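The numbering of the sequence shown is our numbering, which starts it at 3 and goes up by one.
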Amino acid sequence: MRWIGEILPEDKISRYIRNGTIGDWAINPDGTVNLIVEFFKDVSLDDAELIIEHYDGVTKSRVRSINALVVTIPQDAIYELANEDSVQWIEEVPPQPIAEPYDITEVEK
(Lines of atoms letter the chains of each structure in order from A and count residues from 1; the text may use other names and numbers.)
(Lines give C-alpha, C1' and ligand atoms only; values in the text may rest on other atoms or scores of the structure.)
Protein backbone atom coordinates (compact mmCIF):
# COMPACT_ATOMS: atom_id res chain seq x y z
CA MET A 1 0.00 0.00 0.00
CA ARG A 2 1.25 3.48 -0.81
CA TRP A 3 0.19 6.86 0.49
CA ILE A 4 1.15 10.28 -0.78
CA GLY A 5 -0.62 12.33 1.88
CA GLU A 6 0.63 13.69 5.17
CA ILE A 7 1.16 11.16 7.95
CA LEU A 8 -0.14 12.60 11.21
CA PRO A 9 1.19 11.62 14.66
CA GLU A 10 -2.09 9.88 15.51
CA ASP A 11 -1.66 7.71 12.39
CA LYS A 12 1.43 6.20 14.04
CA ILE A 13 -0.18 5.39 17.40
CA SER A 14 -2.21 2.27 18.22
CA ARG A 15 -5.90 2.80 18.84
CA TYR A 16 -5.56 1.73 22.49
CA ILE A 17 -3.13 4.55 23.16
CA ARG A 18 -5.19 7.03 21.10
CA ASN A 19 -8.35 6.06 23.00
CA GLY A 20 -6.64 6.31 26.38
CA THR A 21 -7.15 2.61 27.09
CA ILE A 22 -3.56 1.51 27.64
CA GLY A 23 -3.53 -1.82 29.47
CA ASP A 24 -2.66 -1.79 33.16
CA TRP A 25 0.26 -4.13 32.41
CA ALA A 26 1.90 -1.38 30.33
CA ILE A 27 1.56 1.43 32.90
CA ASN A 28 4.20 1.80 35.61
CA PRO A 29 3.54 3.15 39.14
CA ASP A 30 5.40 6.37 38.27
CA GLY A 31 3.05 7.07 35.34
CA THR A 32 5.48 6.07 32.61
CA VAL A 33 4.39 3.53 30.02
CA ASN A 34 6.08 0.54 28.42
CA LEU A 35 5.89 0.71 24.65
CA ILE A 36 7.21 -0.83 21.48
CA VAL A 37 8.38 1.94 19.16
CA GLU A 38 9.06 0.87 15.59
CA PHE A 39 11.34 3.03 13.47
CA PHE A 40 11.66 3.23 9.70
CA LYS A 41 14.30 0.87 8.30
CA ASP A 42 16.70 3.69 7.38
CA VAL A 43 16.98 4.73 11.05
CA SER A 44 19.69 3.02 13.09
CA LEU A 45 18.69 1.75 16.50
CA ASP A 46 21.55 3.80 17.97
CA ASP A 47 19.91 6.95 16.58
CA ALA A 48 16.52 5.66 17.72
CA GLU A 49 17.79 5.36 21.29
CA LEU A 50 18.91 8.99 21.20
CA ILE A 51 15.42 10.02 20.10
CA ILE A 52 13.88 8.08 22.99
CA GLU A 53 16.31 9.72 25.45
CA HIS A 54 15.29 13.15 24.11
CA TYR A 55 11.78 12.45 25.46
CA ASP A 56 13.09 11.26 28.85
CA GLY A 57 12.59 7.66 27.83
CA VAL A 58 14.70 4.62 28.63
CA THR A 59 15.41 1.80 26.20
CA LYS A 60 14.77 -1.64 27.71
CA SER A 61 15.64 -3.76 24.68
CA ARG A 62 16.02 -3.83 20.91
CA VAL A 63 13.94 -5.80 18.42
CA ARG A 64 16.20 -5.81 15.39
CA SER A 65 13.85 -7.88 13.21
CA ILE A 66 11.36 -5.00 13.04
CA ASN A 67 13.79 -2.15 13.78
CA ALA A 68 12.08 -1.35 17.07
CA LEU A 69 12.86 -0.52 20.67
CA VAL A 70 11.03 -1.59 23.81
CA VAL A 71 10.99 1.56 25.91
CA THR A 72 9.68 3.18 29.07
CA ILE A 73 8.62 6.76 28.44
CA PRO A 74 6.42 9.41 30.10
CA GLN A 75 2.85 9.02 28.89
CA ASP A 76 2.60 12.71 28.02
CA ALA A 77 5.52 12.37 25.57
CA ILE A 78 3.85 9.81 23.28
CA TYR A 79 2.32 12.28 20.81
CA GLU A 80 5.52 14.31 20.63
CA LEU A 81 7.47 11.13 19.95
CA ALA A 82 4.98 10.16 17.22
CA ASN A 83 5.67 13.52 15.58
CA GLU A 84 9.25 12.40 14.86
CA ASP A 85 9.72 11.60 11.16
CA SER A 86 11.78 8.52 12.01
CA VAL A 87 9.00 6.88 14.05
CA GLN A 88 6.83 4.45 12.11
CA TRP A 89 4.55 2.94 14.79
CA ILE A 90 3.94 3.05 18.57
CA GLU A 91 2.04 0.46 20.58
CA GLU A 92 1.86 -0.76 24.16
CA VAL A 93 3.85 -3.83 25.11
CA PRO A 94 1.74 -7.00 25.18
CA PRO A 95 0.68 -8.46 28.53
CA GLN A 96 2.71 -11.24 30.08
CA PRO A 97 1.55 -14.67 28.93
CA ILE A 98 -0.69 -16.51 31.34
CA ALA A 99 0.72 -19.83 32.45
CA GLU A 100 -1.70 -22.65 31.80
CA PRO A 101 -1.51 -25.04 34.72
CA TYR A 102 -2.09 -28.59 33.74
CA ASP A 103 -1.75 -31.97 35.29
CA ILE A 104 0.61 -34.23 33.35
CA THR A 105 -1.63 -37.18 34.17
CA GLU A 106 -4.41 -35.50 32.18
CA VAL A 107 -2.12 -35.26 29.15
CA GLU A 108 -1.24 -38.95 29.31
CA LYS A 109 -4.88 -40.14 29.13
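All C-beta atoms in this analysis are idealised placements derived from N, C-alpha and C, irrespective of residue type, glycine included.
All figures in this text were calculated on a predicted structure; none of them were measured in a lab.
- Task: Please determine, among L37, I100, A101, the residue with the shortest C-alpha to C-alpha distance to V89.
- Result: Position 87 of the sequence shown, counted from the start, is the residue given in the question as residue 89. Nearest of L37, I100, A101 to V89, Cα basis: L37.
Assuming the contact rule is C-beta atoms closer than 8 Å, A79 and D58 should be a hit. Round their C-beta distance to whole Å, please. To locate residue 79, count along the sequence shown from 1; it is residue 77. To locate residue 58, count along the sequence shown from 1; it is residue 56. Yes, they are in contact, since the Cβ atoms of A79 and D58 sit about 7 Å apart, within 8 Å.
* Asked: Taking C-beta to C-beta, are E82 and I15 nearer than 9 Å?
  -> Numbered from its first residue, the sequence shown carries residue 82 at position 80. Numbered from its first residue, the sequence shown carries residue 15 at position 13. Contact: no.
If you follow the beta strand (DSSP E) that E94 is part of, which residue opens it and which one closes it? Working through the sequence shown from its first residue, we reach residue 94 at position 92. That run of the beta strand (DSSP E) goes 89-94.
Where do the ends of the beta strand (DSSP E) carrying I38 lie? Within the sequence shown, the letter at position 36 stands for residue 38. Counting along the chain, the unbroken beta strand (DSSP E) around I38 starts and ends at 34-41.
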